[in-house]
Amino acid sequence: MSDFQRYMHLQAGRAYRIGAAFDSFIDTQIGIGAGTRERASASHSALRGYLRGLAQENEGFPRILRDTDRDFLGGSFARHTKIWPLNDIDVYLPIDGTGLVYSQGGFQAPYTVLTDEVLDTNPLAVDRDRWWDGGYLSSAKLINGFAEALRSNYPVTTRVRRVGEAVMVTLSNDLGFDVVPCFSLKPHAAYEDPFYLIPDGSNGWIKTNPRLDQQLSDELHRKNNRSLRRAVKLFKWWSNEFVGGRIESYYAELAIMRAFELQNRLGTTITSVSVGTCVAFQAVRDAVRAGDLPPILNGSPAVESGALTTTDLTRINQAVANGDRAIRHEQADQIEEAFEAWRAVFGHEFPTA
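Okay, structure coming up:
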């Protein structure tokens, strides 16, 4: 019997107390309160509304799509796997692509840059010195343009700065947003997924599609008794506390989603948070051993794990072993011992039996 199959033999009554402890731990130590989420929602709605309306006030500023696509949230905040602090909520702003084409190697690629077909002339084509670098649209200049617009809208207590592929906006209450201007592209080939071109931080562009990440996350969470998000949050918290957050957050989440997906394909449903947590730790441990992860979207960059130390790897292995020990105790109805094993993973802040 495999580890995953053995994990699934927990009896519901035995698992209940452990599950309640995990829920309490997430609520008190990891989760983001409703009030904070409401403030974040109001803030990102105001930010998005400002940038949507800016093209109407400033004819030289790019127009955000409203019909064929529209601005949206991505990242862990949108997937409901974000833990504190809320300092990097991803906001994607698909720009109207009127008159633009996607070139690869100097040739037009078989993709359509989406447009709402309401513009006679794209503002990006009017002032080429502002937005272009030679014959190509400059992602660096686009980021700079959005940064300038955001600085003019916020008080001096708000920090606005360019960070690689995004504009980081940090409010006085420490809520933070990564504003990502992008273009929405539809492939001509039916077998390809739609994607977004976002700045790569080096004046170029990379392919991504945060909507695919969210679609997979939502599906796996639903299929597995709503255990995925809790398992992801628990691992992220552990990573921050015990290995200094050196495991890249998205890398860990992708590894965990892939592990849940594999178990579902094999006919196994992950029904408890304790089992899901064991799956999560083992998934990240195995992924780190293997190296970079392939992306969900073909053509996107590989997902890197981060710069882990030998001590970090040892701690992951210890956490996997302690999680496995906890499950064995749960199977044997040794609840106090199971709590002790989980406290060996998460520390003294994890509830007692």
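Per the numbering used here: the sequence shown = residues 62 to 414. A virtual CB, placed ideally from N, CA and C, is assigned to each residue, including glycine. All of these numbers come straight from a predicted model, not from anything done at the bench.
H70 versus T329 - alpha carbon distance: Within the sequence shown, the letter at position 9 stands for residue 70. Within the sequence shown, the letter at position 268 stands for residue 329. Its pLDDT being 48, under 50, H70 is placed unreliably in this model, and the value from its coordinates should be taken loosely. Looking at the two C-alpha atoms, the distance is approximately 11 Å.
If you draw a straight line from the alpha carbon of W299 to that of G121, how long is it in whole angstroms? Within the sequence shown, residue 299 is the residue found at index 238, counting from 1. Within the sequence shown, residue 121 is the residue found at index 60, counting from 1. Roughly 47 Å separates the two Cα atoms.
Looking at the structure shown, is P7 part of a helix, part of a strand, or coil, going by DSSP? Beyond the ends of the chain as shown, which are 62 and 414, falls residue 7; an answer cannot be given.
Span of the beta strand (DSSP E) holding G260? Taking the first residue of the sequence shown as position 1, residue 260 is located at position 199. Looking at the sequence shown, residue 260 is not Gly but Pro. Run containing P260: 256-260, per the beta strand (DSSP E) assignment.
If you check the beta carbons only, do L273 and D261 fall under 8 Å apart? Translated into positions along the sequence shown, residue 273 becomes position 212. Translated into positions along the sequence shown, residue 261 becomes position 200. Contact: no.
Going by C-alpha distance, which of S288, I267, L369 is nearest G306? Here residue 306 corresponds to residue number 245 of the sequence shown, with the count starting at 1. Of the listed residues, the one whose Cα sits closest to G306 is L369.
With distances taken Cα to Cα, identify the nearest neighbour of V152 among D132, R140, K143. For this step, residue 152 is matched to residue 91 along the sequence shown. Checking every option, the nearest Cα to that of V152 belongs to D132.
Between the segment 237-247 and the segment 318-336, do three or more beta carbon pairs fall short of 8 Å? Pairwise C-beta distances place the segment 237-247 out of contact with the segment 318-336, as fewer than three of them are shorter than 8 Å.
What does a CB cutoff of less than 6 Å around G74 pick up in its chain, not counting 5 residues either side in sequence? By 1-based counting over the sequence shown, the position of residue 74 is 13. For G74, the predicted structure reports a pLDDT of 48, less than 50, and the residue's modelled location is therefore unreliable. The matter cannot be settled from this model.
If I'm right that P242 touches L180 with Cβ under 8 Å, what's the distance once you round it to whole angstroms? Reading the sequence shown from its first residue, position 181 is the one you call residue 242. Reading the sequence shown from its first residue, position 119 is the one you call residue 180. A Cβ-Cβ distance of about 16 Å is found for the pair P242 and L180, leaving them out of contact under the 8 Å criterion.
With V364 as the anchor, note down where its alpha helix (DSSP H) starts and where it stops. Counting from one through the sequence shown, the residue named residue 364 turns up at place 303. No alpha helix (DSSP H) holds V364; DSSP gives it neither H nor E.
Only counting the same chain, and skipping five residues up and downstream in sequence, which positions put a Cβ closer than 7 Å to that of A399? Position 338 of the sequence shown, counted from the start, is the residue given in the question as residue 399. Excluding sequence neighbours, A399 sits near I79, A387, H390, E391.
For H105, I'd like the list of residues in its chain whose CB is within less than 8 Å of its CB, leaving aside the five on either flank, ordered along the chain. For this step, residue 105 is matched to residue 44 along the sequence shown. Result list for H105: L134, I150, V152, F238, in chain order.
Bridge partners of G135, per DSSP? The sequence position of residue 135 within the sequence shown is 74, counting from 1. DSSP, once it has assigned bridges, lists D151 as partnering G135.
Rounded to the nearest angstrom, what separates G196 and L358 at their Cα positions? Indexing the sequence shown from 1 puts residue 196 at position 135. Indexing the sequence shown from 1 puts residue 358 at position 297. Cα-Cα distance, rounded: 27 Å.
Ends of the beta strand (DSSP E) at Y172? Here residue 172 refers to the residue found at position 111 of the sequence shown. Under the DSSP assignment, Y172 falls in the beta strand (DSSP E) whose first and last residues are 172-174.
The alpha helix (DSSP H) that contains P184, what's its start and end? Translated into the one-based positions of the sequence shown, residue 184 becomes position 123. Note, P184: alpha helix (DSSP H), 184-187.
What are the start and end residues of the alpha helix (DSSP H) that includes F342? Sequence index remark: in the sequence shown, residue 342 carries index 281 (1-based). Segment 334-351, the alpha helix (DSSP H) holding F342.
Go through its chain and collect everything with a Cβ distance to F296's Cβ below 6 Å, but skip five positions before and after it. Stepping through the sequence shown from its first residue, residue 296 is reached at position 235. Excluding positions up to five away in sequence, the list reads A313, A341.
Can the beta-carbon of A363 be found closer than 8 Å to that of V334? Here residue 363 is taken as the residue at index 302 of the sequence shown, counted from 1. Here residue 334 is taken as the residue at index 273 of the sequence shown, counted from 1. Taking C-beta atoms as the reference points, A363 and V334 fail to come closer than 8 Å.
Can you list, in chain order, the residues of its chain with a C-beta nearer than 6 Å to that of V345? Leave out the 5 residues immediately preceding and following it. Taking the first residue of the sequence shown as 1, we reach residue 345 at position 284. Closer than 6 Å at Cβ, skipping near neighbours: A313, A316.
Following the continuous beta strand (DSSP E) through K143, name the residue where it begins and the one where it ends. Taking the sequence shown and counting its residues from 1, one reaches residue 143 at position 82. Looking at the DSSP string, K143 is not in any beta strand (DSSP E), and its letter there is neither H nor E.
Return the Cβ separation of Y416 and L246 in integer angstroms, given the expectation that the two are a contact with Cβ distance under 8 Å. Nothing in the structure corresponds to residue 416, since the chain is present only between 62 and 414.
Under 8 Å: do the segment 203-216 and the segment 224-233 share three or more Cβ pairs, one atom per stretch? For the pair of segments examined, the segment 203-216 was found to touch the segment 224-233: the number of CB pairs separated by less than 8 Å reaches three.
So, with DSSP's three-state summary, where would you put D157? Position 96 of the sequence shown, counted from the first residue, corresponds to residue 157. D157 falls in the coil class under three-state DSSP.
Can you give me the Cβ contacts of Y111 inside the same chain, cut-off strictly under 7 Å, excluding the 5 residues immediately before and after it? Here residue 111 corresponds to residue number 50 of the sequence shown, with the count starting at 1. Result list for Y111: N214, in chain order.
Quick test of the definition: if touching needs 3 or more C-beta pairs under 8 Å, does the segment 182-190 touch the segment 137-150? no
Whole-number beta carbon distance between T159 and T176, since they are thought to touch under 8 Å: The residue given as residue 176 occupies position 115 in the sequence shown. The residue given as residue 159 occupies position 98 in the sequence shown. So it is a contact: roughly 5 Å between Cβ atoms.
Is the beta carbon of A210 within less than 7 Å of some heavy atom of the ligand GDP? In terms of ligand content, the structure shown is empty, and the ligand GDP therefore cannot be addressed.
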